[in-house]
Each structure stands twice: as C-alpha cells, then as structure tokens.
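*Asks:* The sequence shown maps to residues -25 to -1, 1 to 932 in mature numbering (1 follows the signal peptide of the UniProt record, and there is no 0).
Where a beta carbon is used, it is the ideal one built from N, C-alpha and C, also for glycine.
Because the structure is a prediction, the values reported are computed rather than measured.
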Amino acid sequence: MRAFFRFLSVSLAAFALSLSSLSAAKDVYVSPAGSDDAVGSFEAPFQTIANAVSQMDEGDVCWLMEGVYREPIVPGADDLTFRAYPNNAVTLSAFEPLSGWSAHEGSTYVADLAWSLGEENQVFFNQKMMQLARWPNKTNDDLFDLEMVWATGTNSSVSHESIPDQNWADGGVILFLGKNRWTSWRVPVTGSQSGKVDFAELPDDWDFAGSHSPMDRGEFYLMNTYEALDAEGEWYVDEDSDKLYFKAPGGGNPDTGEVLVRRRTVLADLRGRNGIVLKNIEFFGGAIDLGNAEECEVRSCRIYYGSHTLGVNRAAVIPHASIKMDSNSVGNVVYRNDIQWGAGSGVIVRGQGNLVDNNYIGNFDYLGCYSSPVEMRDTNFIMRNEIFNAGRDCVRGGGTDLELGYNNIHHANLINDDCGGVYMCCGTYRGTRIHHNWIHDIESRNNNYESYKATGVYLDNSTVGVTVDHNVFWNLEWSNIQINWEGRDLELHNNTIWANEGPNSRAMARWVNGYEFFNVNLFNTLSNHDEFHANSVENSCVVDLDADPFEDFEAQVFVPKEGSCAVDGGRVIPGITEEYVGAAPDIGAYERGGYVWVPGPDWELGESMFDEDVPDVEYRFDGRDRTGDFLFSDLTPGRAHQLLGSTDLVNWERMETFLAPVTESFELQNLALSGFRFFRLVERLAIPQEVAFVSATLAKDKGSIRLKFDGELTEPLEELSGMAVSLGGNAVSLAGLEADVEDGSVWKLRLANPAADGQSLVFSYTPVSVIGVSGGEVSGVSDEPVDGSVSDANLVAGKNGDGEKGDASGWELQRDDNGTTLPAKVSSVQDPVHGGQYAIQAVYDDDAGDKLVNLRHKGGRFEVKAGGTYQFSIWHYGKDLDGIDSYTTEMSIYNADTGEVMMDYRTWKSGTPNQWNQTTREITFKASEGGEYVLGFRIYSGHFTLIVDDVSVVRVE
C-alpha cells in the first residue's frame, strides 16, 4: 500500500481517499498468460489491462505480471495504482509484430499492414529502429547525424544536381534546415524533376522564412517514397494498398527476425485523472499523457521512443513528447525514470506545481526543431535530473516562479545552432530561478556552414525577470551566458564560468540590436574570461585562462582552493548567499567549507530501474496558497511517521513526528511551513512507551556502551523530549551523543570525548512523547575508540592516551604513478604535541621525482553501506619539508580489493608545517558504491616527514 498525504486549503480541497473506498480497496492481477474470464486474483489473473480497469474502483492496485502488454492504460477511476509485480519485467508496447513477408523486388519484401499511423509510423527490426526510405541514404546509426546535402532554392523549391529523377510528389517529404540552423521544417513535396523538388509556397512565419528559406541556402534530405527504398534497413508504407515494404538488414526475409510496427501513440492516457500511479513499468514506443491530470505519479519507469513523428507541415514547434502535461496539469510527479529517444520532446511540463525530479532525460529532438528533452512552462520544478543529447536545446521555455535546479545538463546543439543548454526567449518570466546546475560540453556541428554558437544559458530577445545563480559552466563553444536585445531585471550571481581555449569561447556575450539593459546585475562571478555584460558588475574574481583555482577541476570538484581570490571575496546577496563560511561569501558556485553539491540523479543508469527499496517520492506545493494543514491517508496503524520539509529537494528538515492511529486517516493542523516547498513522508517503526534507565562506568579509553531495548529507537536522541544524559553527575548535551543501530534492537551510544577514567555515564528516559525506548539494559561495554570511528580499529593510528604503543604494521608508502613500495621508515611514535598520543610517522628522504606519494594502511578496511553518509577525518603533521611554507595532502578512498582510488571523493588540504592540521569531509556514497574500502593519504613532495593520527570514519546517516 502507498501512503497519501494532501494539503488542506481553501484553494485546493484534500484529495484524500474516503474511508469507504479505503476499506473496499483491493488488488487485481493481470498476466499475458491469464484470462479475462478469470477472477483477477494472483492465482487466476486477468489477461488484459482493460478488463482489469473495468473491475477497479478508487484505491485499487493493479499488479502486472511479467510479459509484454500491447495495450494502453486508460484508468476508469481516480486514485488507482498500476505497477509491475516485484521482480517481474513488464513492458507496455506501442508496437505490434508483423509477419507473413513475401519477396517483392530484389531484397525488398512486402507484408500486409492492417493499420497506419501516417507520419507517426515507426518500424523496429530485432530491437533496432529502422530508417524510413530516404535520399541521400543514411550511412550510420547516429540519429543526430542527419547526413544532409547543401543546397540553394526558392520559397517553393530546392535544387541540387544529385536529386534522383523520380516521383517525389508521391508521398515524398522534404526536411530542410536553413543555414543559420535555428530549426528545421518539413513539408510535402508537390512536384519533382531531375535535380529539383517543388513544394507549396512557404509561409511568411519566421521559422520558414528569412534564413530558414532555401533562398538563403541550407541543408536537406528527402524521404517517404517507394522509389527511395534502396538501402538495407529502409522501409516504406503504401497507404493506398495497406502494405509495408522493407529491406531487412542482411537482405533476407524479415520473417527470420522480429519486425515491430507502431500501432498506437499513447500508452498511458491519464487525461483528467487524479491520483493515478504508474510504477516500475517499461513503456516502449508510446507517450504518457498527463493533460489536465492532478497529483498523478510516474515513478521508476523506463519510457523509450515515446514521441516519434515526421512533424509534417510544421517547423519550430511540434506537440509530441514522451510525457506531456498541459496548462491544467497540477501537482503531478515524474520521479526516478529513464526517459530517452524521441523526435519530439522528452517531458513537456506545464501547469502548476508539477515536479520532474531525479530522472535521466536525453536523446530527443532528432528532427532538429524547437523540441527538447525538457520543455518547461508555468510554475513548476525541474530538479536533480541529467538532461543530455539534444538536437537543439537541452531545456527550453520559461514560466513564472519556475525552478530549474541541481541538474546536470550537457551535449546540446547536436543538430541545430545558436542555442544551448538552457534557452529562454522573448518573454517575462519573473520569479524563475536557474540554479545549482552543471552546464557543460556543448558545441555545434559546424559542417557545411560554420557558426560556432553553442551557449550555456541563453536569454534571448528581451528575456525579463530571471535569476541565474550557483551554476558551473565549462567547455562551451561560445558564450557561457548569452543575452540578446533588452535585458531587464536579470540577477546573475555566484556563477563559475570557465571558458575553453576555442576562439569563440567567452564568459558572456550580447547582441545589442539597438536595445539597452535595465537592472541587470552580475555579482560574485568566478571566471577565467573577463567579458561581462551587465549594468552592475561587482565582486568578480577573474583569473587567467589556464589558471586552476579549484580543488580538482578534472574530478569536477569546483570548490575554490584556499588562498584563491574567490574565498571570502563575495558580497552578501539576500536569498542567494545568506549562509556562508568565513568572513564573507565566496565567489563562484561553491562555498569553501560549505556543502559540496553534485547535480543530477542520485542513482546510476544501469542500476535496477525497478528497485522496491527506493524511498517514497517527494511531494510539493502546486504554486497556490497553502495552509499548514495536512491530511494523511492509508498509513500503517501503530507506525511512527515523520513529515520532512525542504526548500530544494537536497536538504531536509523534520517538521513533525506522529504515531499513525488505528483509523485510516490522520490530520495535522497549523504546522509552520518555514518556507518549505517540498515535503516527504517517511515511515518509522513504532516504539512501546516504557521507562528505561541505564548506566555504565567508562574505562579510560572507552567512549561508548551498548544498550539493548525491547523495541527500536527511531528518533535522533536530541529529539526525544524524555531523554536525559549525565556524565559524572553533570548533564550532557544530547547533541553530543552518537548512536548506531547494530541489529535493530541493539543500539550503540557513545560520547565523542568522554572525560577521565572511572566516571559514570547515565542514560534515563521518561516517556513523554510517542517515540522512545523500552526495557533498556547494558549488555556490554564497547571497545570502540574515543574518536567515534565506526570502522575497523586498525584505521586508528595509535591507541589514544593509554600509554600503549600503537601498531605500525600494515602501513606503507607507495609511488602513486606505478604502485612501487618506497624505501621509508614507518613507525609508531609518541608525539607530545598532540596530547601525548601515539601516532604513525612516515619518513621519506629520497627524491621521488616530485611524484605523489601514498601513505595507507592496506589492512585497515572499513565497510560502506550503499547510499550511506560518512564523516571522514585525519589529523596530520608535516615537517622536514626543506623550509617550504605549506604542504598539500590528499585524503583518498581506495577500493579495498582493486586498489582503485575513488576519484569523486578525493579531498585536498593545505597544511602548515610543524603543527597539527585536520582534513575532514562528509561524503554520501552512491547506491552502487557499497562495500569495503581503505583510507589513504597522499603528499606531493620528494622529501618529508609526515605524522598522521586520529583517523576516523563515522557514519552520520
């Protein structure tokens, strides 16, 4: 079952399930091997989704068993769920198999076709998309390489000496891309002769006329006639005779493989529906229509080739998309999906309060028009996606109070030119914010006609009211931020802009065209190029083109180095830089010492798309006024739940904890929203309300005890109002406590820095809240080191403060470039500076050729839980460094089995010689990165003595 929660307000009624419908909710089952005469149970499933739908009422769940379903989902009621049964591969296909092929002419075969979608026909052979018959022929499989020819013409014809002399007017279509390559257009051919084709006079619309007209030159190809069918992999549909002609790869009979022909264009028609959930389903060849839908959810699905079309009689804009919303779509969620391949757009997000989050969206617009992987309008949220491989722009459009944040955007302009990563044009988009994105690796084709206009954020033709902040731009062919005509009320702050060495790459550019700027502000910009365009430019940090002010540019760690002009060089901007570390905000997209954000999804392509353990999707505002009242339905009675709030889907705060009642709905009223716009409901385990009183006496070098409870502790200790702690009779802050689950009922609690030997540590609890502990007893004293490490004790360099010498065995020095073990002295020493503790000392007095040198404990493995967050810390002391003023170490994490360094998690620290320095970093590992690792340290020097101590790895989440 899934938990629902809704906002209660005057402007939006709660869409909670009624108690009557909840009590009657049922599961129905469907299998391709089932029967529609069955009862729809697990043992006797239906055969078709349509029949299941006819039996479903609000609140029901349709479980799809493994197989291919060649039919759409068209719900007949609201608040329904359609999902794959666990561990079952389920595909909804827009295609039908076609067999019964006979030889027609040479290697061309023909089959009867009982249907046709016209310009939306599509053919696959052995799971590979085939090519509509065309001239000139395609010679590769790259859908973005249109392989066109350069031509001239008029407003009603195109001429090229090599055009074959055939009847192109018999269904033929021309695709033409004008020399400036803003957009292609596609129109029917009306007449032809050798070297020339004719078509109806082009309209005066901008996307057909001017530089888009053949009069100003351009590129084209012809398609969709039988006579053009002359290459393997090509096909053609004769609409008059209802036949499909096909030259299969290899030239044989297509019946030796599988031919699939598209028969439907929509695979989930949710128009006008509320509360429909689609989960763990693969959609192949058809779209999901969310027009006029409210609070529907597409989650953990794969949607491929959902928007194929020729787009005939159209130019810039076609309405096709794999997932499509309209201006009446409200509060829908597209979460953790793999959405790829289409002639049109990937996701068209319109309406109010829709959320597109944590998806891969790419390989769209292979027609070369104004479609894009993401088309955005109105007031919506596009967050934490990877948006890539676009014929024109990766993201296009604009809205009011729209948000585009924490996205990884790359490889636009694969067909078109004068466009880029994010394109907004010709309108007022007040409140729209483009922030915390990476925008990179974009260049144009520049064959046939060279233009070199691939940009990062493009504010075209008098765009008004947009904020662009905390983005990182790099490896862009043209301007990183481009503003054309009148710029007005544009706030461009804390961006990191990195031009490349190309002749046209620059920080910003502008096409004035007789217009002026009004209130365009550019603050806190870190760049290696000094071309800026704004009314006010303040607190910039401009360095040389080949400068390296980052911790690690190649590893995409864009935090400014200590001592850089970016550190503490910025100004405070309300709403943008209010939280900063140091004397002033840093310049650029990252704050040294602050949160090091990484954009894009929190999962990797290639992982299971249909993971049952993925936490519930984030819910959000829909852009209308809200109260602080929430209505919850379908909760698990007796379970603890937390309501979390966030402003950015990255950082979450607890708003309220409650125990679900036995009744099936629950309301929270008058909660302080605190500026939150996104909300998540998390289920916890229930705890009996009983008193626990425990105490233990700490040994001198021990900092923790294990407590065993009859129930399970689910709340952070500082949030338990009945919990109290004392040490040696004095109260201890609950925030200083650390706790870890060992097996669910056994918890390990400790203080990070306990006092002297023999003091008593006392835990007590009085049940004044619904969450707590029960039946506590001390089951043993931990041997965990005081530093709080939750990993193998071998990671600690010496035993702290007990007078016992540490063990240096297993520590070694190696050359980083070739792994050679170096002649060095590695020993355990007692250092009086650092509290008289024992530490590991490494002395290296040979010349390593200025190579990086690694110091690591090969046996000191620690285990990382997939998706876990860990705090790493090391103290280090460098000396005998030939009089240099500072030295640099790198804290690195190695795969314990392969020795491979985790490139994304390297952390540099500049140390001051002859004193202790600390390097720390908090790291959240990806879902694919669980396992055993080794912590190591690297120093760039040929002569040194390095002491390390208090090495800790602490899981914090």
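Beta-carbon within less than 8 Å of Phe21's beta-carbon, same chain only, minus the 5 sequence neighbours each way: which residues are those?
*Replies:* As a position in the sequence shown, residue 21 is number 46, starting the count at 1. Answer for Phe21: Val3, Tyr4, Val5, Ser6, Gly9, Ser10, Asp11, Ala13, Gly15, Ala27 and Gln30, listed in chain order.
*Asks:* Within the chosen definition, does the segment 230 to 246 reach the segment 54 to 70 through at least 3 CB pairs nearer than 8 Å?
*Replies:* Segments in contact, yes.
*Asks:* Assign Asn870 to one of three DSSP states: helix, strand, or coil.
*Replies:* Residue mapping note: residue 870 aligns to position 895 of the sequence shown, counting from 1. DSSP places Asn870 in strand when its eight states are reduced to three.
*Asks:* Any idea what DSSP makes of His415, helix, strand or coil?
*Replies:* As a first step, residue 415 is located in the sequence shown; it is residue number 440 there, counting from the start. Three-state DSSP puts His415 in a strand.
*Asks:* Just to confirm before moving on: does the CB-CB distance between Gly396 and Asp435 stay below 9 Å?
*Replies:* Here the question's residue 396 lines up with position 421 in the sequence shown. Here the question's residue 435 lines up with position 460 in the sequence shown. No, these two residues do not count as a Cβ contact at 9 Å.
*Asks:* Give the C-beta separation of Asp182 and Ala290 to the nearest angstrom, bearing in mind that I take them to be a contact with Cβ-Cβ under 8 Å.
*Replies:* Within the sequence shown, numbered from 1, the residue matching residue 182 stands at position 207. Within the sequence shown, numbered from 1, the residue matching residue 290 stands at position 315. That pair is a contact at about 4 Å.
*Asks:* Using C-beta distances below 6 Å, list every residue in its chain close to Arg109, excluding the 5 sequence neighbours before and after it, in chain order.
*Replies:* Your numbering for residue 109 matches position 134 in the sequence shown. Result list for Arg109: Tyr196, Met198 and Ala203, in chain order.
*Asks:* Tell me the start and end of each unbroken beta strand (DSSP E) in the segment 365 to 435 that is at least 3 residues and wholly inside, in chain order.
*Replies:* Taking only runs of at least 3 residues, the beta strand (DSSP E) segments lying wholly in the segment 365 to 435 are 370 to 373, 378 to 380, 383 to 385, 394 to 400, 403 to 410, 413 to 417 and 429 to 435.
*Asks:* Cα separation between Thr920 and Ile898?
*Replies:* One-based indexing of the sequence shown puts residue 920 at position 945. One-based indexing of the sequence shown puts residue 898 at position 923. C-alpha separation (whole angstroms): 28 Å.
*Asks:* Smallest Cα separation from Asn423: which of Gly538, Gly261, Ser282 and Ile390?
*Replies:* The residue you call residue 423 lines up with position 448 of the sequence shown. The candidate whose alpha carbon is nearest that of Asn423 is Ile390.
*Asks:* Starting from residue 959, follow the alpha helix (DSSP H) in both directions and report where the run begins and ends.
*Replies:* In the structure as shown, the chain begins at -25 and stops at 932. Residue 959 is therefore absent and cannot be evaluated.
*Asks:* How do the segment 75 to 91 and the segment 221 to 235 stand: do at least 3 beta-carbon pairs fall below 8 Å, yes or no?
*Replies:* Yes, the segment 75 to 91 is in contact with the segment 221 to 235.
*Asks:* Assuming contact is defined by CB atoms lying nearer than 9 Å, are Pro348 and Ile314 in contact in what I supplied?
*Replies:* To locate residue 348, count along the sequence shown from 1; it is residue 373. To locate residue 314, count along the sequence shown from 1; it is residue 339. Result yes, Cβ atoms of Pro348 and Ile314 sit closer than 9 Å.
*Asks:* Closest by CA to Asn255, which one among Leu242, Leu219 and Ser275?
*Replies:* As a working note, residue 255 is residue 280 in the sequence shown. The shortest Cα separation from Asn255 among Leu242, Leu219 and Ser275 belongs to Ser275.
*Asks:* Contact between the segment 547 to 559 and the segment 501 to 510: three or more CB pairs below 8 Å?
*Replies:* With a cut-off of 8 Å, the segment 501 to 510 and the segment 547 to 559 do not count as touching, because too few Cβ pairs lie within range.
*Asks:* On a CA-only basis, which of Val441, Gly575 and Gln816 is nearest Asp332? Give me that one, please.
*Replies:* Locating residue 332 in the sequence shown gives position 357, counting from the first residue. Measuring from the Cα of Asp332, the nearest candidate turns out to be Gly575.
*Asks:* Would you mind working out which of Ser167, Pro72 and Val212 sits nearest Leu107, comparing C-alpha positions?
*Replies:* Residue 107 sits at position 132 when you count from the first residue of the sequence shown. When each option's Cα is compared against that of Leu107, the closest is Val212.
*Asks:* If I'm right that Ala25 touches Glu46 with Cβ under 8 Å, what's the distance once you round it to whole angstroms?
*Replies:* If you number the sequence shown from 1, residue 25 lands on position 50. If you number the sequence shown from 1, residue 46 lands on position 71. Indeed, because the Cβ distance is near 6 Å, the residues count as touching under 8 Å.
*Asks:* What are the start and end residues of each continuous alpha helix (DSSP H) run of 4 or more residues lying completely inside the segment 43 to 83, in chain order?
*Replies:* List check, alpha helix (DSSP H) in window: nothing returned.
*Asks:* Using three-state DSSP, classify His187 as helix, strand or coil.
*Replies:* For the purposes of this step, residue 187 is taken as the residue at position 212 of the sequence shown. In the structure shown, His187 sits in a helix (DSSP, three-state: H, G or I).
*Asks:* Decide if Gly75 is buried, meaning its Cβ has at least 16 other Cβ atoms within 10 Å, or exposed.
*Replies:* On the sequence shown, residue 75 is found 100 positions in, with the first residue counted as 1. Classification for Gly75: exposed.
*Asks:* State the DSSP-derived secondary structure class of Phe919, mapped to helix, strand or coil.
*Replies:* The residue given as residue 919 occupies position 944 in the sequence shown. In the structure shown, Phe919 sits in a strand (DSSP, three-state: E or B).
*Asks:* For Pro163, which of helix, strand or coil comes out of DSSP?
*Replies:* To locate residue 163, count along the sequence shown from 1; it is residue 188. In this structure, Pro163 counts as strand in the three-state DSSP scheme.
*Asks:* Report buried or exposed for Val592, applying the criterion of at least 16 other Cβ atoms within 10 angstroms of its Cβ.
*Replies:* The count along the sequence shown starts at 1 and reaches residue 592 at position 617. Confidence at Val592 is low in this model, with a pLDDT of 48, below 50, so the placement of that residue should be treated as unreliable; the coordinate-derived value is given next. Buried: at least 16 other Cβ atoms inside 10 Å.
*Asks:* Starting from Glu526 and walking both ways along the beta strand (DSSP E), at which residues does that stretch end?
*Replies:* Here residue 526 is taken as the residue at index 551 of the sequence shown, counted from 1. Note, Glu526: beta strand (DSSP E), Phe525 to Asp527.
*Asks:* What does the alpha-carbon distance come out to for the pair Phe912 and Ser867?
*Replies:* Numbered from 1 along the sequence shown, position 937 holds the residue referred to as residue 912. Numbered from 1 along the sequence shown, position 892 holds the residue referred to as residue 867. Phe912 and Ser867: Cα-Cα distance of roughly 6 Å.
*Asks:* For the structure I just gave you, are there three or more beta carbon pairs, one from the segment 245 to 259 and one from the segment 112 to 121, closer than 8 Å?
*Replies:* At 8 Å Cβ cutoff, the stretches do not touch.
*Asks:* Whether or not the segment 126 to 140 and the segment 308 to 323 are in contact is what I'm after, with contact meaning three or more pairs of Cβ atoms, one per stretch, closer than 8 Å; do they touch?
*Replies:* In short, these stretches do not touch, since the Cβ pair count stays below three.
*Asks:* Less than 9 Å between the beta carbons of Leu55 and Gly261, yes or no?
*Replies:* Along the sequence shown, one-based indexing puts residue 55 at 80. Along the sequence shown, one-based indexing puts residue 261 at 286. No; because the gap between Cβ atoms is not below 9 Å, this pair is not in contact.
*Asks:* Pick helix, strand or coil for Asp230, following the three-state DSSP scheme.
*Replies:* Here residue 230 is taken as the residue at index 255 of the sequence shown, counted from 1. Note: Asp230 maps to helix in three-state DSSP.
*Asks:* Reducing DSSP to helix, strand and coil, say where Glu209 ends up.
*Replies:* Here residue 209 refers to the residue found at position 234 of the sequence shown. Reduced to three states, the DSSP call for Glu209 is strand.
*Asks:* Could you tell me whether the segment 347 to 361 touches the segment 372 to 390, where touching means 3 or more Cβ pairs closer than 8 Å?
*Replies:* Output reads yes: the segment 372 to 390 touches the segment 347 to 361.
*Asks:* Can you give the beta carbon distance from Asn303 to Asn267, rounded, assuming they're within the 8 Å contact cut?
*Replies:* Residue 303 sits at position 328 when you count from the first residue of the sequence shown. Residue 267 sits at position 292 when you count from the first residue of the sequence shown. Yes, Asn303 and Asn267 are in contact; Cβ-Cβ is about 4 Å, under 8 Å.
*Asks:* Secondary structure at Gly538, three-state DSSP: helix, strand or coil?
*Replies:* The residue you call residue 538 lines up with position 563 of the sequence shown. It is coil, neither helix nor strand.
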